[in-house]
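For reference, the structure is listed below as structure tokens.
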DNA sequence: ATTCTAAGTTTACGTTTGTAGCCTTTTAAC
DNA sequence: GTTAAAAGGCTACAAACGTAAACTTAGAAT
């Protein structure tokens with residue numbers, strides 16, 4: 015799998031990627047129909063997005079003749095991690111904790127998810143610093 | 015404080031907001047200097063971003079005469095929560111857990127942050143479902 | 001009162017994004 | 001073999017973004 019870190023997927027493209035990831039592989043027809051149903055997009059819109067995704071090598075065309083099959087090149091998990099990292103990179107490091115707290119509260123998580131997070135936190139607690147510094151401006155300060 | 019949900023802050027604008035949030039309030043001069051040091055931006059660039067932030071009412075101008083003082087209208091915490099929610103809204107609900115796990119692992123968290131997250135998780139565990147459904151396509155399926 | 005300068009305002013411009021129409025090949029059907 | 005319907009490709013176009021130059025006005029200094 016290609017490194018998702020180097021591919022920036024836009025909001026609209028993200029919708030197409032979700033469909034492809036879920037389907038595993040799909041023809042343009044299937045994607046066009048799915049996007050039409052999901053987002054109300056016209057045929058052209060999905061085609062354009064698909065083309066752009068191929069251009070940025072997030073998706074690849076397979077099969078020698080029409081209709082081609084389209085498959086993801088970047089993984090879902092990696093792409094999501096990259097997007098999340100990107101977001102948190104833009105935010106104050108000091109506030110990451112409370113932002114994560116908000117996300118956890120607002121999302122549905124399975125028992126397994128929660129157990130996993132608890133394990134990670136327990137491990138992380140061992141080496142956690144007393145404070146995290148604000149990294150918004152040069153020099154130390156609190157935001 | 016204005017509802018951050020209704021204001022979309024772009025990546026560049028986000029940098030300016032961080033500075034304003036951290037400073038609490040600032041003159042354009044202070045912001046221009048900070049952005050120049052932080053991002054290497056020209057005077058004009060910071061001025062443009064500031065204007066756009068005022069336009070979308072994320073920042074307000076204060077004081078009757080020059081130089082004006084600029085203050086945040088939207089809160090940092092709310093804006094971060096809105097941005098995070100926006101991100102997770104675009105992702106498969108089924109993968110939220112592992113994405114959060116990735117974030118927690120890659121970010122620095124204070125002891126207090128961790129304790130807080132643990133408390134939230136303990137509470138959430140009480141009513142957690144066995145599974146979270148994929149919500150990428152119409153109809154049930156797994157991605 | 002005049003002038004200089006910092007602060008603020010207008011305009012600009014290439015790129016990306018969201019959204020979509022139209023043209024051109026294939027393949028499938030007759 | 002000719003034709004119609006898909007699939008694919010090319011073009012378009014307004015809005016948003018990132019980045020910045022040029023112009024104008026209001027205080028500050030003389």
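Chains as they are written, first to last, in my numbering: chain A, 15 to 157; chain B, 15 to 157. Glycine residues also receive a C-beta, built at the ideal position from the N, C-alpha and C atoms. In this text the structure is predicted, and so the values were computed from the model without any measurement.
> From residue 40(A) to residue 103(B), what distance separates their C-alpha atoms?
Replying inline: If you number the first chain from 1, residue 40(A) lands on position 26. If you number the second chain from 1, residue 103(B) lands on position 89. Distance between the alpha carbons of residue 40(A) and residue 103(B) is about 23 Å.
>> Using a Cβ-Cβ distance cut-off of 8 Å, determine whether residue 55(A) contacts chain B.
In response: To locate residue 55(A), count along the first chain from 1; it is residue 41. Cβ-Cβ to chain B under 8 Å: no for residue 55(A).
>> Taking contact to mean 3 or more Cβ pairs, one atom from each stretch, closer than 8 Å, check whether the segment 116–130 of chain A and the segment 92–101 of chain B are in contact.
In response: yes
>> Strictly below 8 Å CB to CB, what residues from chain A border residue 107(B)?
In response: Here the question's residue 107(B) lines up with position 93 in the second chain. Those are 121 and 122, listed as they occur along chain A.
>> Which residues in chain A have a C-beta closer than 9 Å to the C-beta of residue 86(B)? List them in chain order.
In response: Counted from its first residue, the second chain places residue 86(B) at position 72. Neighbours of residue 86(B) on chain A: none; closest Cβ ~11 Å, over 9 Å.
> How is residue 59(A) classed by DSSP in three states: helix, strand or coil?
Replying inline: To locate residue 59(A), count along the first chain from 1; it is residue 45. Here residue 59(A) sits in helix by DSSP.
> Taking Cβ positions, are residue 76(B) and residue 85(B) nearer each other than 8 Å?
Replying inline: To locate residue 76(B), count along the second chain from 1; it is residue 62. To locate residue 85(B), count along the second chain from 1; it is residue 71. The answer is yes: Cβ separation under 8 Å.
>> Under 8 Å: do the segment 127–137 of chain B and the segment 123–135 of chain A share three or more Cβ pairs, one atom per stretch?
In response: yes
> Looking at chain B, which residues of the segment 134–149 of chain A have a Cβ within less than 7 Å of any of its Cβ atoms?
Replying inline: 134, 135, 138, 139, 142, 143, 144, 145, 146 and 148
> What is the residue span of the beta strand (DSSP E) that residue 9(A) lies within?
Replying inline: Outside the shown range of chain A (15 to 157) lies residue 9(A), about which nothing can therefore be said.
> DSSP on residue 75(B), reduced to helix/strand/coil?
Replying inline: Within the second chain, residue 75(B) is the residue found at index 61, counting from 1. DSSP places residue 75(B) in strand when its eight states are reduced to three.
>> Using only CA atoms, which one of 143(A), 88(A), 123(A) and 125(A) lies nearest to residue 126(B)?
In response: In the second chain, counting from the first residue as 1, residue 126(B) sits at position 112. Answer by Cα proximity: 143(A).
>> Run through the DSSP bridge pairs and tell me what residue 81(A) is partnered with.
In response: Locating residue 81(A) in the first chain gives position 67, counting from the first residue. Answer is none; residue 81(A) lacks a bridge partner.
> Interface residues of chain B around residue 13(A) at Cβ under 7 Å?
Replying inline: The structure shown does not extend to residue 13(A), since chain A is modelled only from 15 through 157, so no value can be given for it.
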